[in-house]
Structure formats: C-alpha cells, structure tokens
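Report on one structure; see the data block that follows.
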Amino acid sequence: MQLNKNIQARFNPVIDHVKNTYNSVYATGAAVIVIHKDEIVAERYWGTQSSRPEAREVQEDTQFHVASVRKSYIGFAVAYAVHHGYIDSIDGEVTKYIADLEEEVFRGTTIRHLLTHTHGLTELEGKVIREFLPGESWAYRQVNINLLTQIVKVTTGQTVAELLKEKVFRPLSLNESDWYTEIQPKLAEVIDPSGQPKQIPTNSTKGDQINMFTSARDLAYWGYLHLKRGYIDNKQVIPKEVIQLSTSLISPSTIDKDLPQHGFLWFVKDLPASKTELGVLVPRGSYQILGFTGVAVLVIPEHEIVAVRMVNSYGSPENHDFLADIRSFGDSVMKSLQEG
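One rule links them: number in our numbering = place in the sequence shown (from 1) + 753.
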C-alpha cells in the first residue's frame, strides 16, 4: 500500500502539536503523519531512536513501541473471528471459550465486556479476582487482553500475530509492523523518566505481549485500512463487515455515560463523555487508540482523515496532562480542517 504525498501547510498546527508533546515528555524521537482524502498531507520526523550515543535518527522506517495501540490489532482479530463464525457472539460468556477459568469469578463475563473494558476483572498476586460486576463500570486492565488473545487462538487456530500477518501485513506490504523480543536497528527504544532506555521484558512473538512495534507510515496505513473499510487499491482486501464490527460502538448501555465508549477495543466517539480521550471538536463516529508510550492513531471518517503521532516516552511527567494532550491532538486536526 502506498499513497501519494501532497503536503499542505494548513496541517502545520498538527505538526506543531506533536512537536510540543515530544518536547514535553521523556522522548528522544517522534513522528507525525496525516492522511486526508487518500493523500499524505503532513509528515515530519524528529530526534533519535534512543538516548544512547550515536543513536540512529528517527526516519520513515523507524518502528516505535506502540503499547496499547496494539489492542486495535487484537480487536481486529476478534472481529475477524466473529465475522467468520469462529466466535458465535460477543455476548457469549468467556467460559465457553476458555475451559479452565474459575466459574465463580468469571460468571456473567462476556466477550463484549472484555472488548469494552467493562469486565470488572483484575489481577492480585497473579490471581484473577473480581473488581466489580460485569457491565457495571469501566477499568483499564490487562486481564481482558490476555483472555482475548487466548480466545483468538482457541477459536481460529492462529495467534493474533499469525492472523494479522496473513490477512493484513503481507497482503498490504506492511513490512514495518511486528512483535519483537529484542531490540533491532530500526526500533525506537522506550525512554524512561531518567532519560535511559527502558527494558520491557517479553518472550513471545505471538501478539499476546506488549512488544509490538510499527512505523508511523504503517500505523497510518492501518488507520487508512479502517477508514476505507478494507477496500484498498480497488480491491476488498478485508471484508468491510470486519472493519464495521471493529469500529462500531458496542459498550454496554448499563455503564455511566461519562465513561469511555468502545468498539472492539478502539475508543469510539458517540455522545459527549467527560472521560473520553477524543477531542471536543472531533465528530461523532470517529475512533482512536492511544498507547502509554504516547503513540496514537485517530480516524475521522466524516472528513476522510487519519492522523498518527509516534513518541518513544515511557509515560509522561506528573505535570503533563496526557488526557488533555491527546484530546487537543484530535482538536488540532479538526482546526486544521476547519481553518484550511
């Protein structure tokens, strides 16, 4: 997949916003790409891939640690499994698919709850316990992601990584997206508060751990695949129903309306919600996902736009309001459109 470039000055505020974020956190490098109406209209790279001496400069093929942005790929794998009948329904209980779960703890927990962070499960000393009843509230935990990757493997016979590589990465030549167990020359290391590279231990390349890296352009094309509902280069590469499933609002109606709203792990803009990570100006029907490292991808179907920012920071300083920052990222995109 490759799009033409038509760099437009009206998107400079988005570039400035990402540069400001880069300068406000622990990062040594950053990148931004904006796609609008099938063209790359903004693209910029800053800094180096690490704080190590003679670190490689950030460039087009630099791959950033995407942290929780990986969940959009897991959500895709689940949507693929649902569409093809491997999973009967997202309202099926998790215990139907994973046999050795403790019935008392997991009772009433569905795949929908896992996909929308409303499952109410957490871990304490390596044991899964119940934090609140399924569908009662919202909490960002790791338990649901571990379960979803298992469900994908049990139902499809493929790991998340195998499924994504077969159905998306290879067909679309997204050669800068993968899961790694050790640092490679083109990978940007995550920088901790001391300014040193942060070692994030992983030992799996199955797509079930927090070790996914991708380049700014691959992530932009991932967003673009969703924007186009799987129709790329005059071909339906992915069934449009898979994309529709992934990005449609499925959060239970039982939760507080100010809590974040989700598709298949994507944050979806629907009614106003005080705890959403999408900007005030971003229209309904848009969707986004953000990682702890500062990486984010925003898709605004109403305006045919995809915006991606890449940063290699392990979290952010105490005085940095990450929620306000990610909201204003989306708002900077909308202002560029409105004022252009």
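Even for Gly, the Cβ is constructed at its ideal location relative to N, Cα and C. Please read all numbers here as calculations on a predicted model, not as lab measurements.
Every alpha helix (DSSP H) stretch that sits fully inside the region 815-844 and reaches 4 residues is listed by chain position as 824-836. Here the C-alpha atom of D1084 lies approximately 18 Å from the C-alpha atom of H1073.
Among the bridge pairs identified by DSSP, A795 is matched with V787.
DSSP, read as helix, strand or coil, puts A1060 in strand. Between the region 959-969 and the region 807-820, the count of C-beta pairs closer than 8 Å reaches three or more; the two stretches touch. Beyond the five residues adjoining it in sequence on each side, S1069 comes within less than 6 Å, by CB distance, of V778, F1075 in the same chain, given in chain order. For W975, the enclosing alpha helix (DSSP H) covers residues 969-980. DSSP places I1042 within a strand segment (E or B) once states are collapsed to three. Distance between G948 and I851, taken at the CA atoms: about 41 Å. Runs of the beta strand (DSSP E) spanning 3 or more residues and lying entirely within the region 896-945 occur at 930-932, in chain order. Straight across, the Cα-Cα distance linking L998 with V831 is about 9 Å. Note on geometry: alpha-carbon atoms of G960 and I1058 lie some 27 Å from one another. For E889, same chain residues with a beta-carbon under 8 Å away, outside a window of 5 residues either side, are T871, G873, T1007, I1008 in chain order. Around the C-beta of Q1014, 16 or more other C-beta atoms lie within 10 Å, and the residue is accordingly described as buried. K939 has its alpha-carbon roughly 8 Å from the corresponding atom of R809. The Cβ atoms of N757 and E792 lie closer than 8 Å to each other. DSSP places T1000 within a helical segment (H, G or I) once states are collapsed to three. For the pair T774 and A783, the Cα-to-Cα distance works out to about 9 Å.
Shown here, E846 sits in a strand according to DSSP, grouped into three states. When G800, K790, I840, Q989 are compared, the shortest CA-CA separation from G910 is found for I840. Classified as exposed, R805 has fewer than 16 neighbouring CB atoms from the shown chains inside 10 Å of its CB. When the five nearest sequence neighbours on each side are left out, the beta carbons in the same chain lying within less than 7 Å of the beta carbon of F859 are those of V847, T848, in order along the chain. Beta-bridge pairing by DSSP links G800 to G782.
Under DSSP, the beta-bridge partners assigned to M965 are W932. Within 10 angstroms of the beta-carbon of L901 lie 16 or more other beta-carbons, which makes it buried.
Here F1020 carries a strand assignment [DSSP, helix/strand/coil].
In this structure K880 is exposed. Its beta-carbon is surrounded by fewer than 16 other beta-carbon atoms within 10 angstroms.
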